[in-house]
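Per my numbering: the sequence shown = residues 2 to 354.
Yeah, the Cβ is synthetic: ideal placement off N, Cα and C, and Gly gets one too.
Just so it is clear, the structure is predicted and the values come from calculations on it, not from any experiment.
All remarks here apply to the structure that follows.
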Amino acid sequence: MKNILVTGGCGFIGTNFIRYLLKESDFSGRIINVDKLTYAGNPENLFDVERDFPERYIFIKADICDRHDIKRIFDDYEIDTICHFAAESHVDRSIVRPDSFIQTNIVGTFNLLESAKSKQDQVQLFYHISTDEVFGSLGKDGVFTEETPYRPNSPYSASKAASDHLVRAYYKTYGLPVIISNCSNNYGPYQFPEKLIPLIILNAMEGKALPVYGDGRYVRDWLYVRDHCVAIWELIQNGERGSMYNIGGNNEVENINLVELICDTLDGFEKLKNNKSRRELITFVKDRPGHDRRYAIDFTKLKRELGWIPTESLETGIHKTIKWYLDNQEWVSRVRSGEYQSWIREHYDYADI
Ligand code: NAD
Ligand code: DAU
Numbered sequence: 002m003k004n005i006l007v008t009g010g011c012g013f014i015g016t017n018f019i020r021y022l023l024k025e026s027d028f029s030g031r032i033i034n035v036d037k038l039t040y041a042g043n044p045e046n047l048f049d050v051e052r053d054f055p056e057r058y059i060f061i062k063a064d065i066c067d068r069h070d071i072k073r074i075f076d077d078y079e080i081d082t083i084c085h086f087a088a089e090s091h092v093d094r095s096i097v098r099p100d101s102f103i104q105t106n107i108v109g110t111f112n113l114l115e116s117a118k119s120k121q122d123q124v125q126l127f128y129h130i131s132t133d134e135v136f137g138s139l140g141k142d143g144v145f146t147e148e149t150p151y152r153p154n155s156p157y158s159a160s161k162a163a164s165d166h167l168v169r170a171y172y173k174t175y176g177l178p179v180i181i182s183n184c185s186n187n188y189g190p191y192q193f194p195e196k197l198i199p200l201i202i203l204n205a206m207e208g209k210a211l212p213v214y215g216d217g218r219y220v221r222d223w224l225y226v227r228d229h230c231v232a233i234w235e236l237i238q239n240g241e242r243g244s245m246y247n248i249g250g251n252n253e254v255e256n257i258n259l260v261e262l263i264c265d266t267l268d269g270f271e272k273l274k275n276n277k278s279r280r281e282l283i284t285f286v287k288d289r290p291g292h293d294r295r296y297a298i299d300f301t302k303l304k305r306e307l308g309w310i311p312t313e314s315l316e317t318g319i320h321k322t323i324k325w326y327l328d329n330q331e332w333v334s335r336v337r338s339g340e341y342q343s344w345i346r347e348h349y350d351y352a353d354i
């Protein structure tokens with residue numbers, strides 16, 4: 002493996018994956034990070050990587066929906082492995098404005114598949130990062146397995162389901178070596194503060210209201226992002242081509258209990274000025290339309306075949322995550338101000354394709 006094309010590497014999981022690959026894993030090749038830099042993409046996350054690994058890390062600002070640009074990147078960099086993170090990823094945004102979800106998640110994935118197919122003598126793996134949301138919603142009992150039928154409920158999950166089907170079809174029809182993994186909710190450093198955990202941490206730090214949708218009894222299975230990155234790297238090396246794998250955190254919790262855990266952990270770091278418990282900031286708000294009640298992942302297949310298990314409990318992962326946000330408040334204020342795209346342009350001369 003010499004040249005990995007990582008798409009969406011300036012987003013939350015992509016950033017963590019690139020950092021893991023270059024700083025912690027035994028990977029010895031080169032990473033070509035292609036990212037459009039939407040509101041969710043921030044090359045600042047990787048400035049130190051760029052400085053420390055000038056021969057092994059290349060950033061290209063490009064849109065995966067642009068077929069011409071993507072073809073050029075495949076022509077120029079002898080890509081042998083594609084690790085595809087780039088997506089519009091926020092469910093609430095997809096409900097308000099689904100257009101870019103259809104474009105990036107479906108058309109963008111299609112473009113990448115077409116370019117990979119045209120270089121089939123050289124491409125060893127197309128790894129597609131997907132979500133457990135494609136399976137729809139569970140009731141009180143049961144878990145998602147790799148055999149669970151797809152029943153996506155939001156425009157986001159429907160667009161991810163469509164892209165999964167395309168990836169599978171390129172394996173069946175053209176023999177493109179692919180892997181799809183469907184993962185539960187990630188959290189950890191560098192997550193954009195529109196998602197539940199960073200939003201609650203930051204509001205709680207500032208003593209602001211903590212919005213909990215509906216009755217707060219919705220259940221998600223939380224996975225610390227580094228554990229996800231380790232699983233992806235294992236699967237790239239040893240996963241069965243043409244297979245799907247579920248990845249989960251073994252950490253099912255109701256949203257309200259998660260928010261309470263964040264409040265209590267943060268209170269342990271520093272009290273509010275008025276000395277009140279942060280739990281008093283919890284505010285129940287209007288529910289998300291089509292809100293999936295519960296997700297739960299059975300990752301037996303990944304455990305059995307590759308011996309992977311998550312290492313972080315919800316308590317240890319939340320503690321680390323809160324510490325990261327406390328230690329990185331300048332990053333947070335830049336990202337939240339919305340001015341960071343212009344700050345990036347001033348401070349960083351990135352290669353536009
Ligand atoms: P994110 O929103 O933080 O990052 C997405 C990245 O993709 C950004 O850097 C953005 O600039 C880039 N991007 C968006 N459109 C693009 C385009 N047209 N061309 C090139 N780059 C583009 O997302 P994330 O949370 O890091 O998720 C990464 C992947 O993992 C997604 O495919 C998502 O569906 C999947 N996933 C996420 C989670 C989660 O909990 N975050 C869980 C399971 C699966
Ligand atoms: O399950 C994997 C998915 O997890 C990924 O595919 C998505 O990209 C990722 O965004 C995430 O989707 P969710 O919708 O589950 O994540 P979010 O953080 O938006 O919401 C988590 C839960 O918290 C969900 O039940 C909605 C609720 N919520 C969310 C926000 C932002 C609140 O109660 N209040 C909030 O302010």
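Run the proximity test for residue i: is its beta-carbon closer than 7 Å to any non-hydrogen atom belonging to the ligand NAD?
| i | result |
| --- | --- |
| I181 | no |
| G42 | yes |
| G12 | yes |
| I130 | yes |
| T39 | yes |
| V220 | no |
| G249 | no |
| D328 | no |
| S90 | yes |
| A87 | yes |
| F193 | yes |
| C264 | no |
| K72 | no |
Are the beta-carbon atoms of residue i and residue j separated by less than 8 Å?
| i | j | result |
| --- | --- | --- |
| D81 | M2 | yes |
| L126 | I180 | yes |
| R289 | V220 | no |
| C230 | Y21 | yes |
| A117 | L177 | yes |
| S314 | N247 | no |
| I310 | K304 | yes |
| S182 | S131 | yes |
| E235 | L167 | no |
| V7 | F86 | yes |
| N154 | D299 | no |
| R242 | G189 | no |
| S158 | V135 | yes |
| I198 | F18 | no |
| V144 | A297 | yes |
| R152 | G137 | yes |
| L203 | V35 | no |
Using a Cβ-Cβ cut-off of 8 Å (strictly less than) and excluding sequence neighbours within five positions of residue i, which residues of its own chain qualify?
| i | result |
| --- | --- |
| V213 | N256, I257, V260, I283, T284, F285 and V286 |
Going along the chain, which residues of its own chain have a beta-carbon closer than 6 Å to the beta-carbon of residue i, five neighbours each way excluded?
| i | result |
| --- | --- |
| G318 | Y225 |
| G240 | I180 |
| V108 | C66 |
| Y58 | I32, V50 and E51 |
| I201 | L211, V260 and I263 |
| R72 | Looking at the sequence shown, residue 72 is not Arg but Lys. The answer, listed in chain order, is S116. |
May I ask whether a heavy atom of the ligand DAU can be found less than 7 Å away from the beta carbon of residue i?
| i | result |
| --- | --- |
| P212 | yes |
| Y296 | yes |
| V97 | no |
| S101 | no |
| N256 | yes |
| V144 | no |
| L203 | no |
| H229 | no |
| R289 | yes |
| H292 | yes |
Ignore the nearest five residues each way along the sequence and tell me which others in residue i's own chain have a CB closer than 7 Å to its CB.
| i | result |
| --- | --- |
| T16 | G10, N46, L47 and Y191 |
Examine the ligand MG and report whether any of its heavy atoms sits within less than 7 Å of the Cβ of residue i.
| i | result |
| --- | --- |
| N186 | For the ligand MG, the structure offers nothing, since it holds only the ligand NAD and the ligand DAU. |
message = Give the list of continuous alpha helix (DSSP H) stretches no shorter than 4 residues that lie fully inside the stretch 61-141.
response = Taking only runs of at least 4 residues, the alpha helix (DSSP H) segments lying wholly in the stretch 61-141 are 68-78, 92-97 and 110-119.
Exercise for review: Jot down the residue ranges of each uninterrupted beta strand (DSSP E) in the stretch 21-55, minimum 3 residues, whole runs only, in chain order.
Suggested key: Runs of the beta strand (DSSP E) inside the stretch 21-55: 31-36.
Scan the stretch 158-184 and note each continuous beta strand (DSSP E) run of 3 residues or more that stays entirely inside, going in chain order.
-> 179-184
Can you give, in chain order, each stretch of the beta strand (DSSP E) that sits fully within the stretch 223-271 and has at least 3 residues? The qualifying runs are 244-248 and 253-255.
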